[in-house]
Each structure stands twice: as structure tokens, then as C-alpha cells.
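When you line the sequence shown up against this note's numbering, it's residues 4 to 319, in that order. Virtual Cβ for every residue (Gly too), placed ideally from N, Cα, C.
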Amino acid sequence: MALQALRSSGVAFRKILSHFPEELSLAFAYGSGVYRQAGPSSDQKNGMLDFVFTVDDPVAWHSKNLKRNWSHYSFLKVFGPKMITSIQNNYGAGVYYNSLIMCDGRLIKYGVISTSILIEDLLNWNNLYVAGRLQKPVKIVAMNESPTLRSALDKNLKSAVTAAFLMLPESFSEEDLFIEIAGLSYSGDFRMVVGEDKTKVLNIVKPNIAHFRELYGSILQENPQVVYKTQQGRLEIDKSPEGQFTQLMTLPKTLQQQINHIMDPPGKNRDVEETLFQVAHDPDCGDVVRLGMKKSVVYSSLKLHKMWKGWLRKTP
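So, in C-alpha cells, the structure goes:
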């Protein structure tokens with residue numbers, strides 16, 4: 004399994020995890036506090052550590068965490084674990100964050116997401132927020148033996164590779180591929196949508212080529228549509244209409260639907276497969292996929308912004 008290579012042996016991460024309820028289906032650390040990034044603002048040693056905790060039963064988990072870590076929560080804690088879970092599941096990207104927490108001498112931020120919501124995002128790219136983060140190298144601190152979750156994690160990585168293939172030329176470098184993939188995962192980050200420095204993607208990829216290779220190497224070697232020249236760090240992909248159609252048909256559902264929406268003329272009401280067949284034969288196939296990615300992100304961002312505004316109106 005590709006993600007197996009990223010399991011953390013870090014004692015510091017496990018010590019931090021010991022401060023929280025144990026019922027986690029997945030816990031991972033991500034960001035500049037975990038992997039070195041290029042650029043003047045990178046400070047791995049003193050930077051905030053970012054975590055995501057995936058839980059099967061958010062109400063039960065928040066109930067226990069409120070007893071152990073009451074001070075971590077905002078004013079919402081007075082409404083109890085059911086309200087916190089409702090906000091988590093129905094507003095934002097399905098994640099509830101507690102930020103600026105001192106834990107074991109480190110400043111941390113941790114997000115909590117339902118296992119079922121994460122699996123849906125991994126498979127369908129509903130909003131690409133947590134699924135996007137898991138397309139870049141992370142440190143997995145805890146993971147249970149759920150075959151459904153493991154399968155969804157692998158599918159997310161394979162989908163990222165496929166989407167990147169469709170947007171790249173016939174021949175490209177490993178770095179080209181990993182930059183494309185890192186760009187996909189940042190397309191689920193609202194800050195990048197509104198224009199945060201695009202060099203952030205390069206700053207993530209360049210110092211971490213080996214980690215990206217570790218994450219995606221086996222997927223690339225096992226893919227029948229790609230020639231992976233590992234010693235040269237080069238790849239060649241099948242860009243025939245048949246090859247592109249195969250790739251398009253394995254994309255996550257949300258992206259397929261956005262491509263269909265872009266290409267389906269008013270009144271035609273073609274099904275998705277028919278549209279994807281047309282796109283596969285289009286010389287601008289990669290541009291269509293890229294536009295579909297952007298529209299997916301803009302749609303998700305607007306939807307989440309609208310839901311958040313609705314929550315603020317309801318809050319006393």
C-alpha cells in the first residue's frame with residue numbers, strides 16, 4: 004500500500020496523540036511542520052503542527068475530548084458535543100478545527116472529521132479539502148484496519164495520478180507530475196482559490212521529491228497506461244483517445260459531473276459517459292479536465308461559504 008510508506012515512527016507525534024481520546028480510525032500530521040518546505044516563511048522546527056483526526060462517532064469522541072480538553076474549544080463547547088458535531092458535518096468541509104493549542108511544548112491545530120464523510124471525499128472528491136491534503140506526503144500517526152478506509156485512501160491517490168495524467172503532455176518528468184498533483188490538492192484549499200502565492204506548490208514539491216516518489220511510486224509502476232523510467236525520472240503516458248477515455252471514466256464522480264456540465268450544450272442532456280467519450284477525442288482534453296477541476300473547487304468553495312454564512316445568521 005502506498006500510504007504504508009508514510010507511517011510515522013515519530014515519538015513526538017505519538018506523545019501528542021496520547022492527549023486525545025483513542026477512538027481514531029486515522030490520524031495524520033501534515034504541512035510545513037512535518038515536511039520541509041522551500042521559501043522564506045518555512046520554519047519547520049518552530050512552526051505549528053497540523054493534524055487531522057478521523058473518528059467513526061464524532062459525538063462520542065467530542066464528548067470525551069470536551070472532558071479531557073475543554074479549553075481547546077471555542078464558545079461552541081457550551082452547546083455540547085451534538086452541536087459541535089452538527090457544525091462539523093454540515094458546515095465547512097466536514098471538518099471541525101481547534102487551533103492554537105499548546106500540547107507537549109508545541110503549538111498545534113487539529114481538525115476532526117467523520118470517517119464516513121472522509122471516505123466520501125476520498126472516493127468522489129466532494130470538496131477535496133481533506134482528500135486533497137492526503138494527495139501530498141503526510142505522516143500517518145495512527146490508522147485502524149478498516150479495508151473500506153484503506154481502499155478509499157488508495158483510490159484517492161490513483162485518482163490524483165489519473166487527473167494529473169490527463170492534464171500533462173505525452174512525456175514529462177516526475178517533478179512535473181508531482182507539481183500537477185500538489186496543485187490538485189491545493190485546489191481544495193480556499194486560500195489558493197483566492198490567490199495565495201502559487202509558488203507554494205513548488206515550495207512543497209521541490210524539497211520533497213523523494214517523499215512524493217515514495218507515496219506514488221508503486222501506483223506508477225503498476226499502471227498499465229504509463230511507462231515509468233525511474234532511473235531517468237521520466238514518464239510517458241498513453242494519450243490516445245482510447246487511453247484518455249479509460250482515464251476519464253475512472254475520475255471521481257464530482258469531477259466527471261463538472262466536465263459533463265461544461266461540455267453538455269443546453270437541451271442535449273447527454274449522459275456522463277457520452278460526454279467523456281467526446282472529451283477523450285478532443286485535442287483540448289487536458290484543458291477541459293483542468294477547467295472541470297477549477298469549477299469543482301469554485302462550486303465547493305461557494306457552497307461552503309454559503310453554509311457558513313447561514314450558520315453565522317443562526318448563531319445567537
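Residues of its chain near residue i, where Cβ-Cβ distance is below 6 Å and the 5 sequence neighbours each way are ignored
{"i": "residue 244", "result": "283 and 284"}
{"i": "residue 102", "result": "112"}
{"i": "residue 334", "result": "No answer is possible for residue 334: the residues shown for the chain start at 4 and end at 319."}
{"i": "residue 120", "result": "97"}
{"i": "residue 174", "result": "239"}
{"i": "residue 273", "result": "267"}
{"i": "residue 24", "result": "64, 67 and 68"}
Per-residue burial, residue i [other beta carbons within 10 Å of its own, 16 or more giving buried]
{"i": "residue 98", "result": "buried"}
{"i": "residue 35", "result": "buried"}
{"i": "residue 234", "result": "exposed"}
{"i": "residue 266", "result": "buried"}
{"i": "residue 105", "result": "exposed"}
{"i": "residue 177", "result": "buried"}
{"i": "residue 278", "result": "buried"}
{"i": "residue 124", "result": "buried"}
{"i": "residue 57", "result": "buried"}
{"i": "residue 74", "result": "exposed"}
{"i": "residue 268", "result": "exposed"}
{"i": "residue 295", "result": "buried"}
{"i": "residue 297", "result": "exposed"}
{"i": "residue 81", "result": "exposed"}
{"i": "residue 204", "result": "buried"}
{"i": "residue 299", "result": "buried"}
{"i": "residue 93", "result": "exposed"}
{"i": "residue 147", "result": "exposed"}
Continuous beta strand (DSSP E) stretch holding residue i: start and end
{"i": "residue 57", "result": "52-58"}
{"i": "residue 77", "result": "Segment: none, residue 77 is in no beta strand (DSSP E) and carries neither H nor E."}
{"i": "residue 229", "result": "229-232"}
{"i": "residue 32", "result": "29-33"}
{"i": "residue 23", "result": "First-last for residue 23: undefined, no H or E at that position."}
{"i": "residue 239", "result": "237-240"}
Close beta carbons around residue i, own chain, < 8 Å, minus the five adjacent residues each side
{"i": "residue 171", "result": "179, 180, 183, 240 and 289"}
{"i": "residue 63", "result": "26 and 84"}
{"i": "residue 253", "result": "161, 162 and 165"}
Beta-carbon proximity check, residue i vs residue j, cutoff 8 Å
{"i": "residue 159", "j": "residue 137", "result": "yes"}
{"i": "residue 96", "j": "residue 37", "result": "no"}
{"i": "residue 21", "j": "residue 61", "result": "no"}
{"i": "residue 228", "j": "residue 246", "result": "yes"}
{"i": "residue 292", "j": "residue 163", "result": "no"}
{"i": "residue 168", "j": "residue 250", "result": "yes"}
{"i": "residue 114", "j": "residue 55", "result": "yes"}
{"i": "residue 109", "j": "residue 212", "result": "no"}
{"i": "residue 79", "j": "residue 122", "result": "no"}
{"i": "residue 215", "j": "residue 150", "result": "no"}
{"i": "residue 3", "j": "residue 53", "result": "Outside the shown range of the chain (4 to 319) lies residue 3, about which nothing can therefore be said."}
For residue i, the first and last residue of its enclosing alpha helix (DSSP H)
{"i": "residue 62", "result": "61-71"}
{"i": "residue 279", "result": "275-283"}
{"i": "residue 94", "result": "Neither: residue 94 is in no alpha helix (DSSP H) and is coded neither H nor E."}
{"i": "residue 209", "result": "First-last for residue 209: undefined, no H or E at that position."}
{"i": "residue 18", "result": "14-20"}
{"i": "residue 141", "result": "Neither: residue 141 is in no alpha helix (DSSP H) and is coded neither H nor E."}
{"i": "residue 123", "result": "118-127"}
{"i": "residue 156", "result": "150-170"}
Close-in-space but distant-in-sequence residues of the same chain around residue i (CB under 7 Å, 5 per side omitted)
{"i": "residue 126", "result": "155, 158 and 255"}
{"i": "residue 16", "result": "32, 142 and 144"}
{"i": "residue 275", "result": "259, 260 and 263"}
Determine, using beta-carbon pairs with one atom in the region 214-233 and one in the region 255-275, whether at least three such pairs fall under 8 Å. No contact exists between the region 214-233 and the region 255-275.
Are at least three pairs of beta-carbons, each pair with one atom in the region 10-30 and one in the region 82-91, less than 8 Å apart? With contact defined as three or more Cβ pairs closer than 8 Å, the region 10-30 and the region 82-91 are not in contact.
Please confirm if the region 69-80 is in contact with the region 144-156, defined as three or more CB-CB distances below 8 Å between the two stretches. Output reads no: the region 144-156 does not touch the region 69-80.
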